[in-house]
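Quick note: my numbering has the sequence shown finishing at residue 350, numbered continuously throughout. Where a beta carbon is used, it is the ideal one built from N, C-alpha and C, also for glycine. One structure below.
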Amino acid sequence: MPLARKLHRLVLISLVSLAAACGAPSSEYRQSLHIFGTLVDLKIRGVEADRAARAAAAVEKDFQRMHRDWHAWKPGELSRLNQGFATGGYRKASPFLLPLITRSQALYRQSEELFNPAIGKLIALWGFHSDELPSGPPPPPEAIAALVRQAPGMDDLEISGDRVRSRNPAVSLDFGGFAKGYALGIAIRRLREFGVENAIVNAGGDLCASGSHGGRPWRIGVRHPQGRGLLASVDVQNGECVLTSGNYERYREHDGIRYPHIIDPRDGRPVEHIASATVIDSDGGKADAAATALTVAGPDAWYPIAKRMGLKYVMLVDEAGTVYMNPAMAARMDFQGQKPERIFISPPL
């Protein structure tokens, strides 16, 4: 059964390692669930098993609501809001959704509009508003151009208190390049509310970490975008998030040409020059949005965008396997296996 079909089931798998004494802190509590189209793995250390279970249940509840209300094409709060944008009238946004909109507006501006959640109609046109990967030829160029001319953007939105409207009927919000990182940050904060200080929440390789792993930093792997296992490993410090935007998981293919799901809002076409962009930041939502923006910017224009967004750790890999990163990221990356032949180190950010 495809992973996406399992989303509604939210199949829960709990693997609990208990200490010998009842009620003693567990060595590690693990729980996994299918959400956001991927497997989310929670690892909790240093607290009693029952507390870990209660904390994990709270995170699961949050994730279920996020999946329901932030979904771009299934019935929920965001889809209802998008329907309202087409009429130009104000619609109420809940305290659960409104922060995504306001934060996305700020990141849209910081990224020079390369991170643009308002292009949901373009994403749908390319067939990526579906749990199944699209097939067949790409959409007609005229249809793409028509949407690009309407120039939907986050600054088309007007916010008045808890109400939102769009001046541009072409706006349709899709937080696919932001919601996962934002949600991971929420999960870490929720765990801390339960007294969990040492944990990692990993959603298909995108993750946020808290505390440490038995007194050592959490060590994670960065996937090679060309399917060669791990590209590198890195130690993740307390409060850091690692987000990667890549073209290797979700794409459509026709006549031997691959069309990745990341769309350049400037021309309405899939981004093809960057295979992956990885960002480490204390803000999961910012890291997610930045990875998307840098993928769109490409190897020649990523640096000024990263500097404008206030990033500290950035790595890009192009289709030829060339690596681009800033010195601080280079100092942290431990390349696995054969080191990339070409690595370009930028000036400091």
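With contacts defined by Cβ atoms closer than 8 Å, Ile45 and Ala58 do not form a contacting pair.
The beta-carbon separation of Leu231 and Asp289, rounded to 21 Å, does not stay under the 8 Å limit for a contact.
Bridge pairing for Pro261: Tyr252 [DSSP].
When the beta-carbon positions are compared, Ala152 and Lys122 stay at least 8 Å from each other.
The beta-carbon separation of Leu134 and Arg251, rounded to 7 Å, stays under the 8 Å limit for a contact. In the three-state scheme derived from DSSP, where H, G and I count as helix and E and B as strand, Ala73 is classed as coil.
Per the Cβ contact rule, the stretch 97-104 is in contact with the stretch 70-83 (3 or more Cβ pairs under 8 Å). Per DSSP, Met330 is one residue of the alpha helix (DSSP H) stretching across Pro328 to Arg333.
The C-beta separation of Gly182 from Cys242 comes to about 6 Å, placing the pair in contact by the 8 Å criterion. For Trp127, the secondary structure class from DSSP, reduced to helix, strand or coil, is coil.
Approximately 6 Å separates the beta-carbon atoms of His130 and Ala73; this is inside 8 Å, confirming the contact. A residue is called buried when at least 16 other Cβ atoms come within 10 angstroms of its Cβ; Gly285 meets this threshold and is buried. About 18 Å separates the beta carbons of Ile264 and Pro300, which is beyond the 8 Å limit, so they are not a contact pair. Scanning its chain for C-beta atoms nearer than 6 Å, with the 5 sequence neighbours on each side dropped, one finds around Ser277 the residues Pro226, Thr245, Gly247 and Val318, in chain order. Inclusion of Ala200 and Leu185 in the CB contact set at 8 Å is not warranted, their separation being larger than that value. Looking from the CA of Ala50, the closest CA among Val41, Trp71, Ser28 and Asp63 belongs to Ser28.
By the neighbour-count definition (other C-beta atoms within 10 Å, threshold 16), Pro96 is an exposed residue. In the structure shown, the three-state DSSP call for Ser105 is helix. Going by C-alpha positions, Val272 is about 7 Å away from Thr296. Listed as beta-bridge partners of Ser211 by DSSP are Ala200. Residue nearest to Glu194 within the set Val41, Phe345, Val48 and Ile344 is Val48 (criterion: CA-CA distance). Out of Gly162, Met330 and Ile187, the CA that lies nearest to the CA of Phe345 is found in Met330. When DSSP states are grouped into helix, strand and coil, Thr293 belongs to the helix group. The beta-carbon separation of Tyr249 and Gly228, rounded to 7 Å, stays under the 8 Å limit for a contact.
Less than 8 Å divides the Cβ of Asp163 from the Cβ of Ala94.
Secondary structure note for Glu159: its beta strand (DSSP E) is the uninterrupted segment Leu158 to Ser161. The distance from the Cβ of Ser234 to that of Arg220 is about 6 Å, consistent with a contact at the 8 Å cut-off. Around Val60, the same chain offers Ala188 and Arg191 as residues with beta carbons nearer than 6 Å, after the five sequence neighbours per side are excluded.
Beta-bridge partners of Met316 (DSSP): Thr279 and Met326. When secondary structure is reduced to three states using DSSP, Pro226 falls in the coil class, being assigned neither helix nor strand. Pairing Thr293 with Met316 gives a Cβ-Cβ distance that is not under 8 Å. Less than 8 Å divides the Cβ of Gln238 from the Cβ of Pro218. Rounded to the nearest angstrom, the gap between the Cα atoms of Ser33 and Leu40 is 7 Å.
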